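Chains as they are written, first to last, in the numbering used here: chain F, 14 to 353; chain R, 197 to 644.
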């Protein structure tokens with residue numbers, strides 16, 4: 014991945030016979046840094062690990078003398094439990110992200126962007142591997158701020174440009190078009206109705222006043238999103254409580270391993286030897302169910318930052334799964350929880 | 197002399213479009229993919245039209261390398277095929293050098309006539325052939341054909357259901373960016389805009405089929421490699437644009453494949469648990485003998501708001517000398533308005549009783565919602581579903597009883613209807629008569 018712009022000729026040797034100028038020219042970099050042109054860059058080109066078990070990887074970084082930094086990384090999503098997947102999901106699937114749309118598997122906010130390299134170019138990864146994604150980090154995210162659509166458009170253009178460059182290097186024609194015109198309005202904090210936690214009609218906790226315990230939620234905006242996330246009380250990039258439905262089966266691998274072995278098993282009511290509609294688990298800080306829907310594997314999860322919300326998680330998980338499964342045409346889906 | 201620099205400079209130029217006219221000294225678009233000195237030589241030759249002296253010198257240099265010249269070499273420009281819709285080396289694999297699997301006797305030709313305003317039907321066949329001779333005297337021949345057809349859907353009901361189902365099922369995925377059509381790696385269908393409809397209001401479609409002639413002694417029939425489903429989509433759209441131009445119904449802007457072409461997982465899936473094709477309750481193996489059941493393969497195609505398909509095959513047995521898989525069950529739901537328009541006049545528009553008399557099928561059995569026809573090896577149901585007209589179709593049963601088949605079709609249709617949030621279409625579903633499921637009635641807007 015050639016991202017730098019400063020000295021086009023310096024990169025020419027590396028790109029084989031095709032003269033390479035890097036994915037970004039000086040104007041592109043200036044676009045990312047509000048017109049500043051004194052940006053330094055460093056990069057690690059795309060390479061494979063020794064046994065090619067983790068797919069191609071590469072990264073690069075742009076740094077302004079004022080300390081603003083933009084990082085870009087090409088990597089196969091790590092699907093191993095406790096791997097980079099969890100942190101990746103927290104940041105890159107957060108409710109601040111808007112889907113890139115147009116059939117693309119990718120999302121963008123004003124500080125984060127990711128886009129899977131289209132399968133027409135690299136083929137579809139196997140059931141056990143994550144998709145090959147290019148992601149970008151442009152600094153610290155302040156979750157309380159509304160997403161800046163100008164910054165978001167800049168990142169969206171940049172991530173598309175990098176993916177197009179990678180595809181061109183691989184000999185794939187037909188680049189991805191500029192997605193900025195179709196991006197939905199960013200998510201906004203909303204007041205919850207009593208019986209519609211996270212905007213999910215019918216989802217509620219009995220009796221108590223939730224407002225005292227949880228901040229207002231932020232819910233993924235836009236249609237046809239690969240995930241529907243509801244975050245609240247985000248601290249250092251990690252939500253204190255997250256309800257998430259991973260609708261796109263290509264992301265199901267992120268939680269596939271975990272679904273087998275995460276805690277005390279949860280099953281779909283009525284499942285047995287003849288039919289298994291999915292699997293999941295419940296523990297004090299997290300409940301998860303991965304269901305086999307007609308569209309493919311869909312993951313539902315309720316997660317807290319610590320174990321102090323165990324009772325809420327236990328109440329929320331079956332309701333959330335039933336309601337979301339109905340919304341996706343995957344119902345009826347009732348869960349059997351392990352004994353309390 | 198011209199040397200490396202000129203090659204590199206030429207290669208840097210952008211790839212020509214699929215149907216661009218010949219530009220003087222046009223650049224060989226697929227040059228990036230070729231490697232080695234031979235490719236460079238050829239590129240220089242091809243890219244320097246009129247540079248005969250240079251070409252001759254290079255040709256002499258390359259003479260020792262062997263029979264590298266194709267029939268198109270070198271002094272004419274790039275070849276065009278199929279009504280001029282396709283241009284050599286314009287992107288899709290079958291139009292590039294990679295189309296040839298053998299080294300000798302390479303040829304790529306096309307025959308057929310374009311549609312005209314008077315006769316808006318056309319056909320074209322592209323034939324790619326080559327051969328390889330081995331040292332033991334054995335010879336391997338390649339013959340890949342791509343057939344394009346332009347015209348309305350075939351008339352008789354059964355034919356039309358099988359025709360459309362054949363394109364929509366199996367591994368087909370919808371074309372990107374709302375183009376009303378589908379493609380997989382070797383065939384595809386695109387419905388043209390309404391301005392190209394026939395005088396009696398039937399939509400015109402362009403279809404593409406790739407075939408590989410199997411070697412006489414090969415155990416398996418070959419699958420043609422046209423360059424992937426993106427290549428098929430591009431070939432289809434290029435043929436459609438040229439066809440519309442010839443037939444006099446081209447729009448201001450040509451159709452375009454933009455955005456990623458969706459891809460399915462590489463292999464057919466097996467479902468050790470749950471229903472076949474991820475359809476709850478669809479149990480196909482249960483009705484088969486044990487030996488056949490072990491060979492059953494499922495292919496889930498597209499599953500979205502506009503299209504869903506499930507194809508079940510009995511895998512070929514080499515031991516029994518079978519050269520291809522046996523079709524067992526195919527079912528498709530399609531809701532894309534232009535695609536369903538291809539079925540208009542077939543058991544959908546008018547009461548099915550009248551319509552069925554004219555076509556080759558009978559009205560559907562009792563308890564189905566909407567209208568439809570069924571025949572010996574096909575069925576078609578059209579019903580309103582979540583605010584739009586949906587078509588459910590099934591076709592082809594070479595194995596298994598017809599009772600089991602219609603049961604599978606009912607299970608498929610009701611499961612898909614439920615996924616889309618509309619009332620059941622087939623009899624026998626819980627709540628099918630009188631008490632539709634709660635999820636169904638709420639969202640079923642059209643209520644036919």
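C-beta atoms are modelled at their ideal positions from N, C-alpha and C, and glycine is treated no differently.
Quick caveat: nothing in here was measured; it's all calculated off a predicted structure.
Legend entry - DSSP bridge partner residues for residue 278 of chain F (one or two, in chain order): Here the question's residue 278 of chain F lines up with position 265 in the first chain. According to DSSP, which records beta bridges pairwise, residue 278 of chain F is partnered with F/294.
Mapping the DSSP letters down to three states, classify residue 130 of chain F as helix, strand or coil.
In the first chain, counting from the first residue as 1, residue 130 of chain F sits at position 117. DSSP places residue 130 of chain F in coil when its eight states are reduced to three.
Alpha helix (DSSP H) segment containing residue 331 of chain F, residue limits: What you label residue 331 of chain F is simply residue 318 of the first chain in a count that begins at 1. It spans 323 to 340 - the alpha helix (DSSP H) in which residue 331 of chain F sits, taken as one unbroken run.
* Hey, does residue 307 of chain F have any beta-carbon neighbour from chain R nearer than 9 angstroms? -> As a working mapping, residue 307 of chain F is identified with position 294 in the first chain. Judged by the 9 angstroms Cβ criterion, residue 307 of chain F is in contact with chain R.
- [ ] Select from F/58, F/134, F/255, F/348 the residue whose C-alpha is nearest the C-alpha of residue 289 of chain F.
- [x] Taking the first residue of the first chain as position 1, residue 289 of chain F is located at position 276. Among F/58, F/134, F/255, F/348, the Cα nearest to that of residue 289 of chain F is on F/348.
Is it buried or exposed for residue 195 of chain F, if we count other Cβ within 10 angstroms and need 16 for buried?
The sequence position of residue 195 of chain F within the first chain is 182, counting from 1. Label assigned to residue 195 of chain F: exposed.
| Nearest residue (CA-CA) to residue 319 of chain F, options F/136, F/344, F/300 | Residue mapping note: residue 319 of chain F aligns to position 306 of the first chain, counting from 1. When only C-alpha atoms are compared, the closest one is F/300.
Against chain R, which members of the segment 171 to 201 of chain F pass a CB distance test of less than 8 angstroms?
Per Cβ criterion, the list reads 184, 186, 187, 189, 190.
TODO: Ignore the nearest five residues each way along the sequence and tell me which others in residue 316 of chain F's own chain have a CB closer than 6 angstroms to its CB.
DONE: For this step, residue 316 of chain F is matched to residue 303 along the first chain. The residues are 255, 299.
Selection of the segment 598 to 616 of chain R by Cβ proximity to chain F, strictly under 8 angstroms:
611, 612, 614, 615, 616
Exercise for the section: Kindly give me the distance between the Cβ atoms of residue 143 of chain F and residue 91 of chain F, rounded to whole angstroms, as I take these residues to be in contact under 8 angstroms. Expected result: In the first chain, the residue the question calls residue 143 of chain F occupies position 130. In the first chain, the residue the question calls residue 91 of chain F occupies position 78. Sure, about 7 angstroms apart at Cβ, within 8 angstroms.
query: Mind pulling the beta strand (DSSP E) runs of 3 or more residues that sit fully within the segment 136 to 163 of chain F?
result: 145 to 150
Alpha-carbon to alpha-carbon, residue 36 of chain F and residue 178 of chain F
Counting from 1 along the first chain, the entry for residue 178 of chain F is found at position 165. Counting from 1 along the first chain, the entry for residue 36 of chain F is found at position 23. Roughly 5 angstroms separates the two Cα atoms.
Worksheet item: Using DSSP with H/G/I as helix, E/B as strand and the rest coil, what is residue 69 of chain F?
Response: Here residue 69 of chain F is taken as the residue at index 56 of the first chain, counted from 1. Note: residue 69 of chain F maps to strand in three-state DSSP.
Residues near residue 342 of chain F in its chain [Cβ-Cβ closer than 6 angstroms; skip 5 each side] | In the first chain, residue 342 of chain F corresponds to position 329, counting from 1. Once the five neighbours on either side are set aside, residue 342 of chain F has no close Cβ partner at all.
Item to complete: Would you please state the rounded distance, in angstroms, between the beta carbons of residue 349 of chain R and residue 535 of chain R? I believe it to be under 8 angstroms.
Response: Along the second chain, one-based indexing puts residue 349 of chain R at 153. Along the second chain, one-based indexing puts residue 535 of chain R at 339. Between residue 535 of chain R and residue 349 of chain R the Cβ distance is about 10 angstroms, and since that is not below 8 angstroms, they are no contact.
- [ ] Determine the DSSP secondary structure at residue 344 of chain F, reduced to helix, strand or coil.
- [x] Translated into positions along the first chain, residue 344 of chain F becomes position 331. Three-state result, residue 344 of chain F: coil.
*asked:* Within 10 Å of its beta-carbon, does residue 249 of chain F have 16 or more other beta-carbons around it, so buried, or fewer, so exposed?
replied: Taking the first residue of the first chain as 1, we reach residue 249 of chain F at position 236. Counting the other CB atoms within 10 Å of its CB gives residue 249 of chain F a total below 16, which places it among the exposed residues.
I'd like to check one pair, residue 312 of chain F with residue 281 of chain F: are the Cβ atoms closer than 9 angstroms? Numbered from 1 along the first chain, position 268 holds the residue referred to as residue 281 of chain F. Numbered from 1 along the first chain, position 299 holds the residue referred to as residue 312 of chain F. The answer is no: Cβ separation not under 9 angstroms.
I'd like to know if residue 473 of chain R contacts chain F, where contact means its C-beta is closer than 9 angstroms to some C-beta of that chain.
For the purposes of this step, residue 473 of chain R is taken as the residue at position 277 of the second chain. Yes, because at least one Cβ of chain F sits closer than 9 angstroms to the Cβ of residue 473 of chain R.
What's the C-alpha gap between residue 307 of chain R and residue 447 of chain R?
Here residue 307 of chain R refers to the residue found at position 111 of the second chain. Here residue 447 of chain R refers to the residue found at position 251 of the second chain. When rounded, the distance between both Cα atoms is 26 angstroms.
- Using DSSP with H/G/I as helix, E/B as strand and the rest coil, what is residue 610 of chain R? Numbered from its first residue, the second chain carries residue 610 of chain R at position 414. The answer is helix: DSSP assigns residue 610 of chain R an H, G or I state.
Does DSSP put residue 603 of chain R in a helix, a strand or coil? The residue labelled residue 603 of chain R in the question sits at position 407 within the second chain. Residue 603 of chain R falls in the helix class under three-state DSSP.
Give me the subset of the segment 451 to 462 of chain R whose CB atoms are less than 9 angstroms from a CB atom of chain F, sorted by chain position.
453, 454, 455, 456, 457, 458, 459, 460, 461, 462
By how many angstroms is the C-alpha of residue 309 of chain R removed from the C-alpha of residue 318 of chain R? Taking the first residue of the second chain as position 1, residue 318 of chain R is located at position 122. Taking the first residue of the second chain as position 1, residue 309 of chain R is located at position 113. The straight-line gap from Cα to Cα measures roughly 6 angstroms.
In angstroms with no decimal places, state the Cα-to-Cα distance between residue 293 of chain F and residue 334 of chain F.
Counted from its first residue, the first chain places residue 293 of chain F at position 280. Counted from its first residue, the first chain places residue 334 of chain F at position 321. In a straight line, the C-alpha of residue 293 of chain F is about 11 angstroms away from that of residue 334 of chain F.
Cβ of residue 144 of chain F within 9 angstroms of any chain R Cβ: Within the first chain, residue 144 of chain F is the residue found at index 131, counting from 1. The C-beta of residue 144 of chain F comes no closer than 9 angstroms to any C-beta of chain R.
ask   = Residues of chain R with CB under 7 angstroms from residue 235 of chain F, in chain order?
value = Taking the first chain and counting its residues from 1, the one referred to as residue 235 of chain F is at position 222. Those do not exist, as residue 235 of chain F stays about 16 angstroms from chain R at its closest Cβ, beyond 7 angstroms.
query: Going by the beta-carbon positions, is the gap between residue 182 of chain F and residue 287 of chain R smaller than 9 angstroms?
result: On the first chain, position 169 is the one that residue 182 of chain F refers to. On the second chain, position 91 is the one that residue 287 of chain R refers to. No, Cβ-Cβ distance for residue 182 of chain F and residue 287 of chain R is not below 9 angstroms.
- Any beta-carbon of chain R closer than 9 angstroms to the one on residue 337 of chain F? Translated into positions along the first chain, residue 337 of chain F becomes position 324. Residue 337 of chain F does not count as touching chain R.
Check: Name the chain B residues whose beta carbon is nearer than 7 angstroms to that of residue 131 of chain F?
Finding: Here the protein chains are F and R, and chain B is not one of them.
field: Nearest-angstrom Cβ-Cβ length linking residue 400 of chain R and residue 347 of chain R, presumed shorter than 8 angstroms
entry: Taking the second chain and counting its residues from 1, one reaches residue 400 of chain R at position 204. Taking the second chain and counting its residues from 1, one reaches residue 347 of chain R at position 151. The pair is a contact, with the Cβ atoms about 6 angstroms apart (cut-off 8 angstroms).
(request) With 9 angstroms as the threshold, decide whether the Cβ of residue 476 of chain R is near any Cβ in chain F. (result) Here residue 476 of chain R refers to the residue found at position 280 of the second chain. Closer than 9 angstroms: yes.
If you measure from the beta carbon of residue 405 of chain R to each beta carbon in chain F, is any gap under 9 angstroms? Reading the second chain from its first residue, position 209 is the one you call residue 405 of chain R. So, not an interface residue.
inquiry  = So for residue 362 of chain R, helix, strand or coil by DSSP?
reply    = In the second chain, counting from the first residue as 1, residue 362 of chain R sits at position 166. Helix, per DSSP.
Buried or exposed: which applies to residue 312 of chain R, given that a residue is buried once 16 or more other Cβ atoms fall within 10 Å of its Cβ?
By 1-based counting over the second chain, the position of residue 312 of chain R is 116. Burial call: exposed.
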